[in-house]
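Working notes, beginning with the structure itself.
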Amino acid sequence: MAGASSGSSSESLAFCTRRPRPRSPSPSAAPAPAVRAAPTTSLWTAGRRATSRTLVLERGGPAPSVPTALVASPPMAGKAPVLTPQSEDFPRWYQDVLNKAELADNGPVRGTMVIRPYAYALWERMVAEVDARIKGAGAENAYFPLFIPESYLQREAEHVEGFSPELAIVTVGGGKELEEPVVVRPTSETVIGEFMAKWVQSYRDLPLLLNQWANVVRWELRPRVFLRTSEFLWQEGHTAHASESDARSYAESILRNVYREFMVDVLAIPVLIGAKIAEERFAGATNTLTCEAMMGDGKALQMGTSHELGQNFATAFDMTFSDEHGEQQVCWTTSWGVSTRMMGGLIMAHGDDAGLRLPPRLAATQVVVIVVRDDDGAVTPAAAGLVADLAAAGVRARLDDRVSTGFGRRATEWELKGVPLRVEVGPRDLADGIVVVARRDDGTKEPRSITDVVPSVPALLAEVQDAMLAAATDARDRRTFDVGSVDAALEAAGEGFARLPWRLVDAAAIARLGASAVTVRCLQSPDGDLPGSTPEDELVAICARAY
RNA sequence: CGGGACGUGGCGCAGUCUGGAAGCGCACCGGCUUUGGGAGCCGGGGGUCGCGAGUUCAAAUCUCGCCGUCCCGACCA
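Written out as structure tokens, the structure reads:
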């Protein structure tokens, strides 16, 4: 049972270099109040204290017109929390965020979702950023059909086998039974393979680098908005190469320079990169590379994958070319994708009890300028001027001049929606020549002179971006543990990621982990890079519970 | 697809056990007063009680079936 790679000495290895804190209370241990009473110390209190301190420090002098309410901070005692606290019920919190931040609804058909404008704007930002990087990698966009002949799927044995259970198949069209049923694409390797085979004749046609933005359908048994829906939006890249090494390096390059770079630099989500174990590979791939992120509850989320398909699809679709010597060769192909699942990752990696927190580079609205009140009609024009100046400075800013709605409500709403910076302008500020700038990431507020707030915003946004990445990285690292046994990995996975020597993981170990819903998310070299040429018995298996 | 919980105005819920005129809070609309962290008062609108069959004089309530949602498993971007 224990393979040669899994010596019995494993049980005696040190448990952890960094020991997990006492296992977090299981749901049953956390006494959920019968009525969701307002916590005595709300999140407001913390933020507010920081606020008053900052205000006093920065303003100096008598500061006679510091808005008293900012300092006095009437806590939200007596009010129900806006969202179910994460610590109480993380999945419920996620649902609450989707609803309250107006992100998405369930569609009428099970497993489908409606992406609301605010969330779709975020998706459009993701598309823009990822698309630019894909083009930077040399791939061109194209579009292939939604309907695929069922026979195409069947040409690659593992591919059909893997996807059959989740296919949606159309058997009737135009009121008539179809001669050959058509599959609603679950992914497009097969159609694209068919056409690549047609287009590639010579080594001069290679590499052929294509990408498409599309929707795909995979009938899901257990859907979850953004994370696992029966229809989702994504990008799927498909490439053909003259050699295995060229295909491999391209797949790796997409993972590192497109996906990881986007996730780290734009989403501010630190991701691990690694290779999937055989059981977790894409159906039909010879190697699957992945970006794995940690969510706020310590669970893992696969954020994107890049596959080496070897010659499996090229063989199935007769994708051949003549090489420099006039010899017929079979192509080597890759495919890679990221999807609307990243929306779920974004929400769960950064969100807190007050709602969404958006990294500035992604945020569709980076700064909201709020007219606190406007007694004499002078504040709104000033605020609108700030918005215009911010826009001119390249900042995505918008105005909130809904003064008929109370300030508190609007502030709460923008926090729910995760806008990185709020600029609050009221009559007193105007009289003092200041505005109050509030950061969503850490809740701090400080006054700025109205004349130099605009030029200071880009740097502040950059600071917020960096702080969010640093905080997410720190949170992940605190929940990552080096372990020396399967038992220790199981315990650590209750909390976050376990780094377990791969040589300790045999089939029996995978089964034991699986019994507790813990899986090997990926394999890495000891320094956290892709396995590459690292000897197999030196690899590290990242084990975790996953979405 | 297996186990569990649950479907009552947009959201959260009471009412269901023990059948007998659909209620509450928030949200929404109007008016006035408000507006520097979830406003107040007054007045309104909105629900074939998830859907379909039964039982009954009478069904949100009882019975059966189906659908959906959430959690836990098996499957996945």
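Just so you know, we're using my numbering here: the first sequence kicks off at 71 and counts up by one. Think of the CB as a built atom: it goes at the ideal place given N, C-alpha and C, for glycine as much as any other residue.
For the pair residue 238 and residue 289, the CB atoms are nearer than the 7 Å cut-off. Counting other Cβ atoms within 10 Å of its Cβ, residue 427 reaches 16 or more and is therefore classed as buried.
Rounded to the nearest whole angstrom, the C-alpha separation of residue 609 and residue 416 is 29 Å. Between residue 371 and residue 365, the CB-CB gap stays under 7 Å. Taking the Cβ atoms as the reference, residue 569 lies roughly 7 Å from residue 553, within the contact range of under 8 Å.
For residue 406, the enclosing beta strand (DSSP E) starts and ends at 402–409. By the Cβ neighbour-count rule, residue 281 is buried, with 16 or more other Cβ atoms within 10 Å of its own. Rounded to whole angstroms, the gap between the alpha carbons of residue 303 and residue 209 is 19 Å.
For the pair residue 363 and residue 341, the CB atoms are nearer than the 7 Å cut-off.
Within the same chain, Cβ atoms closer than 7 Å to the Cβ of residue 195 are found at 432, 434, the five residues on either side in sequence being excluded. Residue 347: not part of any beta strand (DSSP E); DSSP gives it neither H nor E. Cβ neighbours of residue 374 within its own chain (closer than 6 Å, five residues either side excluded): 329, 361, 408.
In the structure shown, residue 425 adopts extended strand secondary structure according to DSSP, grouped into three states. DSSP, read as helix, strand or coil, puts residue 373 in strand.
Rounded to the nearest angstrom, the gap between the Cα atoms of residue 560 and residue 549 is 13 Å.
Of the candidates 514, 488, 521, the residue whose Cα lies closest to the Cα of residue 502 is 521. Cα atoms of residue 585 and residue 577: separation of roughly 12 Å, rounded to the nearest angstrom.
When C-beta atoms of the region 306–319 are compared with those of the region 253–269, three or more pairs fall below 8 Å, so the two segments count as touching.
Here residue 269 is exposed: its Cβ has fewer than 16 other Cβ atoms, across all protein chains shown, within 10 Å. Contact annotation, residue 199 with residue 334: C-beta distance approximately 12 Å; criterion of less than 8 Å not satisfied. When secondary structure is reduced to three states using DSSP, residue 165 falls in the helix class. Assigned with DSSP and collapsed to three states, residue 417 falls in helix.
The C-alpha of residue 299 is placed about 20 Å away from the C-alpha of residue 170.
Shown here for residue 518: same chain residues with a beta carbon closer than 7 Å to its own, the five before and five after excluded, namely 504, 505, 507, 526 in chain order. Boundaries of the beta strand (DSSP E) around residue 278: 278–287. Residue 251 sits in a strand when the DSSP states are folded into three classes. Counting along the chain, no alpha helix (DSSP H) covers residue 311; the unbroken beta strand (DSSP E) around it starts and ends at 301–311. Rounded to the nearest angstrom, the gap between the Cα atoms of residue 301 and residue 284 is 10 Å.
Across the set 202, 319, 206, 256, the C-alpha of 256 shows the shortest separation from the C-alpha of residue 222.
Using a Cβ-Cβ distance cut-off of 8 Å, the region 216–235 and the region 178–191 are not in contact, since fewer than three pairs of beta carbons, one from each stretch, lie closer than that value.
With contacts defined by Cβ atoms closer than 7 Å, residue 383 and residue 403 form a contacting pair. Counting C-beta pairs closer than 8 Å gives fewer than three between the region 469–482 and the region 532–541, which falls short of the contact rule.
About 11 Å separates the beta carbon of residue 440 from that of residue 485, a gap too long to meet the 8 Å contact definition. Shortest Cα-Cα distance from residue 491 to any of 510, 478, 178 involves 510. Counting every other CB atom within 10 Å of its CB across the protein chains shown gives residue 487 a total of 16 or more, marking it as buried. Burial state of residue 420 is buried, judged by a 10 Å Cβ sphere holding 16 or more other Cβ atoms.
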